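Report on the structure given below.
2 protein chains.
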Amino acid sequence: MTLPFSQTADLRPLFEPAGVVVAGASSHPGKFGFAVLHNIITCGYQGRVFATNRNGGELLGIECLTSVAEVPAGQADLVYVCVPAAAVAQVLREAASVGIRAAFIASSGFGEGQDEQGAAHGLELATLASELGMVIAGPNGQGLVSTPVSLCAQFVGPFPPAGGVSIVSQSGNLASGAMNYATASGVGVARAISAGNATCLGVDDYIAWLADDPATTTILAYLEGVADARRFYDTVKAASARKPVVVVKGGTSDDGARAAASHTGSLATNDRIFDGMLRQAGAWRSPDIGAAFGAAAALAVHQPMQGPNVAFLTTAGGWGVLTADAMAQSPLQLMELPDDLMASLDEVLPPRWSQGNPIDVAGGETRDTIPNALHLLAAHPSVDGVLMLGMGIQSNTAALMRGGQFSQLDDIDRICSFHERQDRRYAEAIVEASATTGTPILAATELALSNPGNPGPATLREHGHPCYTSPTDAVAAFAALYARGRHLRLS
Amino acid sequence: MTLPFSQTADLRPLFEPAGVVVAGASSHPGKFGFAVLHNIITCGYQGRVFATNRNGGELLGIECLTSVAEVPAGQADLVYVCVPAAAVAQVLREAASVGIRAAFIASSGFGEGQDEQGAAHGLELATLASELGMVIAGPNGQGLVSTPVSLCAQFVGPFPPAGGVSIVSQSGNLASGAMNYATASGVGVARAISAGNATCLGVDDYIAWLADDPATTTILAYLEGVADARRFYDTVKAASARKPVVVVKGGTSDDGARAAASHTGSLATNDRIFDGMLRQAGAWRSPDIGAAFGAAAALAVHQPMQGPNVAFLTTAGGWGVLTADAMAQSPLQLMELPDDLMASLDEVLPPRWSQGNPIDVAGGETRDTIPNALHLLAAHPSVDGVLMLGMGIQSNTAALMRGGQFSQLDDIDRICSFHERQDRRYAEAIVEASATTGTPILAATELALSNPGNPGPATLREHGHPCYTSPTDAVAAFAALYARGRHLRLS
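Protein chains in written order, with this note's numbering: chain A, 1 to 491; chain B, 1001 to 1491.
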């Protein structure tokens, strides 16, 4: 039922409104109409905020209007609609009459339950969008986030840190999921939207707009079905020419497709055809939201890879072995180190280093070993990517000492501070060396999960750099960077 | 070079020593000989602790002896050795002379660098173990952990919570990795050991002892090679008959095998043969430590599955779809719900539930919906496993309110407390219903990663229950429970 927009819909009123109206605000904190108003105010939205409630009254410091028609003309661009389905059309007409150009409809009852009256409301929405010249998101969606204007127009958490990843999702919960990963990793979000039933605006409409959105560096989409496969392909292809697009497709199996039919009413698609279509369009496909965010994070932070050659720098042998195994199942190469690089490494590494890739310093590192080696590797023309393993181990031991009964001893404080400083320096070297050379440097350690305050992962997070928790995830992120580079070179 | 123990080596002196000596304790907090003594004391080991240092003196409240020979006879069972390789033999002879029956050797220089002198030291160790009748772990290892006696005899962190998973690893760092997962998940550890060069005691010796260890409910092993494939097979098979064994094998690819040769000197093995051998022995194989710990955690906490039928209970549609897709690639079934179960569910679920599996309550849950449905599902004879999705979402929204500018309002506190209490109840229902029915109930949400304080995941953690962060991980854990049940039925 996607409207035949001949060109990209203008979603600026949706994502950068000068003012927002919550229609159907509620004084009950368990209701959507309370939570969304609360989140808009508390997350620091700087534009004008209005709220309507049939009974008027004050809510969270805002004097409620009794209808959207009372909003001063031209003061708001977006109405977030929480009223019952039957009342939505009236709200939209009033909104249009005061110059509001975009709506997000949270209300359900638009045919998602297959009932006839709901379907009629859905049809009416599509017609209204066209008649009123409004862009209409939802219905039956959680809301939207737009960090450039500090807008958290959704009835759920979290409000993620600001950054370049934009999220479009046919599942509100998986939009939240991606934002939870943003919160955990520090790799931030520009825009996020739960498409709901996508009655008027579909996933492809959002992708088309985000492709031109300067705040968006990478697009992450979750979808269960597409209304018009050709249009979706053209949209993704055009977007991929501008910036990376990562797609998660739900319902690839028979059981998944049945679950998707129940969830979003999507029809089953032939997954091999869909997969080939995505590849041809230049998108990267991930199996779930965690993997997708991992790929999007690498793509948002790093340059694409110029070739498949990866060097591992590790203080921990076992991690190197498992990551080599994981990489062997990817198009990437655990590169052979050229002679001149071996010679340069010999100058900065301890004598007992592994003399090959993985570059295992076997615990023999001193103050500058790791930063020097990172810069050396990233600057070498034959190295397309660097993976740092083993960061944070010393600080993890320091954490045991900090929490122990001897933590007051000067000697213990001194050694803990040294190790913590070192792990911070390693993280800073990753940020610096990848920025100055353009070579992606990724880090992986499960400490990002078990000890998020560890100075290694924490420093990466502060810089908005991802830190992967498994060899598989790190390799998948490199594979996305490599595929992106190849796509740009071949197209 | 594994010694031909005709039967299981007695590792009680290693894992449950009445006293421990740190030989080569150091006053420099950056040295192994300081860190291990510190960790033994600070983690609360209740046995007698001795330390030796050539110069004597006091260290962390302990009066150092100048040699192990000075330890009062019969007062210690274990010596943790940090002295240089050349001095190790002397320490071991002295240890034996005062009745010490086990040694962990952290020192390197025993042939891991392929040097001749080191290899000679290694041979000497093997001979000494036999001559002195000692069990000798290492050399070149990080140490061991034994939570039943609060022993943290390792120079690194973490000291994990107590529990039933025991860890044997040819990589010290990956032993730490598994313990980091234990710390993050709350699914605790019984014993953990870094096998180092495994000169005397190999992975199979540890597995053989752990198979009979009452504190160990599940064994997790990381290995890169086995000295005697037949002995390894027999050991794992015998252990699997008693309790679940989870194995990660590093070096399965050519690159990984080269990295393993450099790391532990292991020879490449034919991976398909190794895989078949593990399967026949009844072990579960995982690709990395995170997945292995996820499987071990399920196996440690839950009963094996009696069949492949899994029911999903979800408040979030998208998660159900992706998990159904992941499950379609496993031997598990997204089961069809039998009529009587459908009828019972109809009584406890809101009218708009999905009327099928995944059981999506579509946000319509009230106070008792989820606990009631969990108990109903787990108690039904046709359900072999239950997966709970969407736990913690409301508390994640509550977290936004708790951190916001209106957090002092009574209404907000009330609704947040309600949601937090509900998520706690869901977690408690998982713990209770799986305990009373024997049906495994797993939970999955990325909030366990992004918001570990969320009452849903936090309550599971407090009860020592795992909470998975991705659909793939949850499905892999179910697959391990299913394989375990099948192994027990067929053998």
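Ideal placement from N, C-alpha and C gives every residue a C-beta, glycine not left out.
Quick caveat: nothing in here was measured; it's all calculated off a predicted structure.
In chain A, which residues lie less than 9 angstroms from residue i when you measure between Cβ atoms?
{"i": "asparagine 1270 (chain B)", "result": "Those do not exist, as asparagine 1270 (chain B) stays about 14 angstroms from chain A at its closest Cβ, beyond 9 angstroms."}
What would DSSP say about residue i, mapped onto helix, strand or coil?
{"i": "aspartate 1010 (chain B)", "result": "coil"}
{"i": "threonine 314 (chain A)", "result": "strand"}
{"i": "leucine 1376 (chain B)", "result": "helix"}
{"i": "phenylalanine 418 (chain A)", "result": "helix"}
{"i": "glutamate 240 (chain A)", "result": "Before going further, note that residue 240 (chain A) is serine rather than glutamate in the sequence given. Here serine 240 (chain A) sits in helix by DSSP."}
{"i": "methionine 388 (chain A)", "result": "strand"}
{"i": "glutamate 428 (chain A)", "result": "helix"}
{"i": "arginine 267 (chain A)", "result": "Reading the sequence as shown, one finds leucine at residue 267 (chain A) and not arginine. In this structure, leucine 267 (chain A) counts as coil in the three-state DSSP scheme."}
{"i": "aspartate 1360 (chain B)", "result": "strand"}
{"i": "isoleucine 100 (chain A)", "result": "coil"}
{"i": "alanine 1018 (chain B)", "result": "coil"}
{"i": "proline 4 (chain A)", "result": "The predicted position of proline 4 (chain A) is uncertain, since its pLDDT is 43 and thus under 50; no value can be drawn from it."}
{"i": "arginine 93 (chain A)", "result": "helix"}
{"i": "threonine 1217 (chain B)", "result": "coil"}
{"i": "glutamine 1405 (chain B)", "result": "coil"}
{"i": "leucine 332 (chain A)", "result": "coil"}
{"i": "glycine 282 (chain A)", "result": "coil"}
{"i": "leucine 1490 (chain B)", "result": "helix"}
Starting from residue i, find everything on chain B with Cβ-Cβ shorter than 9 angstroms and list it in chain order.
{"i": "asparagine 497 (chain A)", "result": "Since the displayed chain A opens at 1 and closes at 491, residue 497 (chain A) lies outside it and no answer follows."}
{"i": "asparagine 451 (chain A)", "result": "Gly1157, Pro1158, Asn1180, Thr1183, Ala1184"}
{"i": "alanine 328 (chain A)", "result": "Thr1252, Ser1253, Asp1254, Asp1255, Gly1256"}
{"i": "serine 171 (chain A)", "result": "Ala1316, Gly1317, Gly1318, Trp1319, Val1321, Leu1322"}
{"i": "glycine 556 (chain A)", "result": "What is shown of chain A runs 1 to 491, which leaves residue 556 (chain A) out entirely."}
{"i": "aspartate 360 (chain A)", "result": "Ala1259, Ser1262, His1263"}
{"i": "leucine 11 (chain A)", "result": "Within chain B, no residue comes near leucine 11 (chain A); the closest Cβ sits about 22 angstroms away, beyond 9 angstroms."}
Closer than 8 angstroms by beta-carbon distance: list the chain A residues that pair up with residue i, in chain order.
{"i": "asparagine 1197 (chain B)", "result": "Those within 8 angstroms of asparagine 1197 (chain B) in chain A number zero; the least Cβ separation is about 12 angstroms."}
Less than 8 angstroms between the beta carbons of residue i and residue j, yes or no?
{"i": "histidine 380 (chain A)", "j": "leucine 409 (chain A)", "result": "no"}
{"i": "serine 1169 (chain B)", "j": "serine 1194 (chain B)", "result": "yes"}
{"i": "glycine 1172 (chain B)", "j": "valine 1083 (chain B)", "result": "no"}
{"i": "leucine 65 (chain A)", "j": "alanine 89 (chain A)", "result": "no"}
{"i": "serine 103 (chain A)", "j": "alanine 137 (chain A)", "result": "What sits at residue 103 (chain A) in the sequence shown is alanine, not serine. Cβ distance < 8 angstroms, so alanine 103 (chain A) and alanine 137 (chain A) count as in contact."}
{"i": "threonine 1439 (chain B)", "j": "glycine 1356 (chain B)", "result": "no"}
{"i": "serine 1249 (chain B)", "j": "phenylalanine 1274 (chain B)", "result": "According to the sequence displayed, residue 1249 (chain B) carries lysine and not serine. Yes, these two residues count as a Cβ contact at 8 angstroms."}
{"i": "leucine 349 (chain A)", "j": "threonine 369 (chain A)", "result": "yes"}
{"i": "valine 187 (chain A)", "j": "alanine 281 (chain A)", "result": "no"}
{"i": "leucine 1334 (chain B)", "j": "valine 1361 (chain B)", "result": "no"}
{"i": "isoleucine 289 (chain A)", "j": "tyrosine 181 (chain A)", "result": "yes"}
{"i": "leucine 387 (chain A)", "j": "leucine 442 (chain A)", "result": "yes"}
{"i": "proline 158 (chain A)", "j": "methionine 134 (chain A)", "result": "no"}
{"i": "alanine 1162 (chain B)", "j": "alanine 1175 (chain B)", "result": "no"}
By the criterion of Cβ-Cβ separation under 8 angstroms, what are the contact partners of residue i in chain C?
{"i": "glutamate 446 (chain A)", "result": "Any reference to chain C falls outside this structure, whose protein chains are A and B."}
What residues of chain B sit near residue i, judged by a beta carbon separation below 7 angstroms?
{"i": "proline 471 (chain A)", "result": "Asp1288"}
{"i": "isoleucine 415 (chain A)", "result": "Pro1029, Gly1030"}
{"i": "leucine 60 (chain A)", "result": "Phe1406"}
Strictly below 7 angstroms CB to CB, what residues from chain A border residue i?
{"i": "isoleucine 1207 (chain B)", "result": "The premise fails here: isoleucine 1207 (chain B) is roughly 18 angstroms from chain A at the closest Cβ pair, so nothing lies under 7 angstroms."}
{"i": "isoleucine 1412 (chain B)", "result": "Pro29"}
The ligand NAP and residue i: does the residue's C-beta get closer than 7 angstroms to at least one heavy atom of that ligand?
{"i": "glutamate 1131 (chain B)", "result": "As for the ligand NAP, it is missing from this structure, which has no ligand bound."}
Who are the neighbours of residue i on chain B, taking C-beta pairs under 8 angstroms?
{"i": "leucine 334 (chain A)", "result": "Asp1255, Ala1259"}
Item to check | Near-chain B residues of the stretch 293-325 of chain A - C-beta to any C-beta below 7 angstroms | outcome: Ala316, Gly317, Gly318, Trp319, Gly320, Val321, Leu322, Ala324, Asp325
Checklist entry - Which full runs of the beta strand (DSSP E) of 3+ residues lie inside the stretch 1021-1060 of chain B, going along the chain? => result 1048-1052
Next on the checklist: Residues of the stretch 251-264 of chain A in Cβ contact with chain B at a cutoff of 9 angstroms, in chain order, please.
Outcome noted: Gly251, Thr252, Ser253, Asp254, Asp255, Gly256, Ala257, Arg258, Ala259, Ala260, Ser262, His263, Thr264
Checklist entry - Taking any Cβ of chain B, which residues in the stretch 397-409 of chain A have a Cβ under 7 angstroms from it, in chain order? => result Thr397, Ala399, Leu400, Met401, Gly404, Gln405, Phe406
Item to check | chain B contacts from the stretch 212-232 of chain A (Cβ-Cβ distance under 8 angstroms) | outcome: Tyr222, Glu224
Next on the checklist: At a CB distance below 7 angstroms, what residues from the stretch 24-51 of chain A approach chain B? Give them in sequence order.
Outcome noted: Pro29, Gly30, Ala35, His38, Asn39, Thr42
Next on the checklist: Taking beta-carbon pairs under 8 angstroms, can you tell me which members of the stretch 1100-1111 of chain B lie near chain A?
Outcome noted: none
Checklist entry - What residues from the stretch 1365-1393 of chain B come within 8 angstroms of chain A, judged by C-beta to C-beta, listed N to C? => result Gly1390, Ile1393
Checklist entry - What residue ranges within the stretch 1442-1485 of chain B form continuous alpha helix (DSSP H) runs of no fewer than 4 residues, ordered along the chain? => result 1447-1450, 1455-1462
Checklist entry - Could you give the uninterrupted runs of the beta strand (DSSP E) lying entirely in the stretch 140-203 of chain A, keeping only those of 3 residues or more? => result 143-146, 151-154, 162-169, 189-194
Item to check | Residues from the stretch 1336-1352 of chain B in contact with chain A, defined by Cβ distance under 7 angstroms | outcome: Arg1352
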